[in-house]
Amino acid sequence: MTCLTRATVRLLFVLCSAAPLSALSDDPAPVFDKKFLSNPANIETGRKVWQAQCRHCHGARAYPGKAPHLRPGSYAPEFIYDRVTNGFGKMPSWKAVFSEEERRGVVAYIKSDDFDP
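Basically the working numbering = 1-based index in the sequence shown + 171.
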């Protein structure tokens, strides 16, 4: 392997490992506009998922739990969706467990005024 090829392989490795998994997926990125995020049905879907699953690690109100304290105001909806879908660190991926609608609902709930960490 030439030096140029090794450098190219290293660069590709760094770029790919830094990209969110959703960016590497063939799935289109979901849209999180104001209408979706404020829809009571979407918020309720997310609340149900949160109560059934997420609160076990994040705590009943996102703190204290085994997982880090959430600061929903500082997270973009796409960031939350990516973490819920693909996981990160000790947090597992929920893509195979929850539907896209449920994962998007979690985003709506976390970003809503109903979510009180």
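Every residue, glycine too, gets a C-beta built ideally from N, C-alpha and C.
Reduced DSSP category for Phe259 - H, G, I as helix; E, B as strand; rest coil: strand
Nearest to Pro201 (by Cα), restricted to the options Asp285, Lys237, Val277: Val277
Spatial neighbours of Pro211 in its chain, beta-carbon cut-off 6 Å, leaving aside the 5 residues before and after: none
Simplified DSSP assignment, three categories, for Tyr252: Looking at Tyr252 - three-state DSSP - the assignment turns out to be helix.
Rounded C-alpha distance that separates Ser283 from Gln224: 18 Å
Rounded C-alpha distance that separates Phe269 from Pro248: 17 Å
Same chain, Cβ closer than 8 Å to Lys266, five either side skipped, listed in chain order: Thr256, Asn257, Arg274
Span separating the alpha-carbon of Asp285 from that of Lys206: 16 Å
Classification of Arg242 by the beta-carbon crowding that lies within 10 angstroms, buried from 16 upward: exposed
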